[in-house]
Amino acid sequence: MNSQYGNIRRKLEQLEEQLELGQVDGLEERVEAVLVKLKRLGGKLNDLSSMEYFGLRSRIQDLLDEAKSDGGSLLDRMYPFGEEEDFNGEPMAVGF
């Protein structure tokens, strides 16, 4: 059981990395496939594995929500206020 959770955890980490890199094409479908695998394990839960199950399920749901709503590029996520403005709306210095 733990090895199955480990496989799902590793796949989830790969998907999170892809999202961080802005590789969102088909990401929603891949995340949903991981969720299906996790749901299959849900019927085999015991007290020790239920916490891990719900933790992974929460991470998958967050990733799925972000993949579905991700209309912006990686730069948009890195600079939510725009590349040329800081938090106060002031122009940022270009160099150091």
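Count along the sequence shown from 1, add 29, and you get the number used in this note's numbering.
Note that the Cβ used here is the ideal one computed from N, Cα and C, for glycine as well.
Between residue 67 and residue 85, the C-beta gap is smaller than 8 Å, which places the two residues in contact.
About 14 Å separates the beta carbons of residue 44 and residue 65, which is beyond the 8 Å limit, so they are not a contact pair. Residue 92 places its beta carbon 8 Å or farther from that of residue 50. Here residue 60 is not near residue 37, since their CB atoms are 8 Å or more apart.
Rounded to the nearest angstrom, the gap between the Cα atoms of residue 34 and residue 69 is 11 Å.
If you ignore the 5 residues before and after residue 47, its C-beta comes within less than 7 Å of the C-beta of 56, all in its own chain and listed in chain order.
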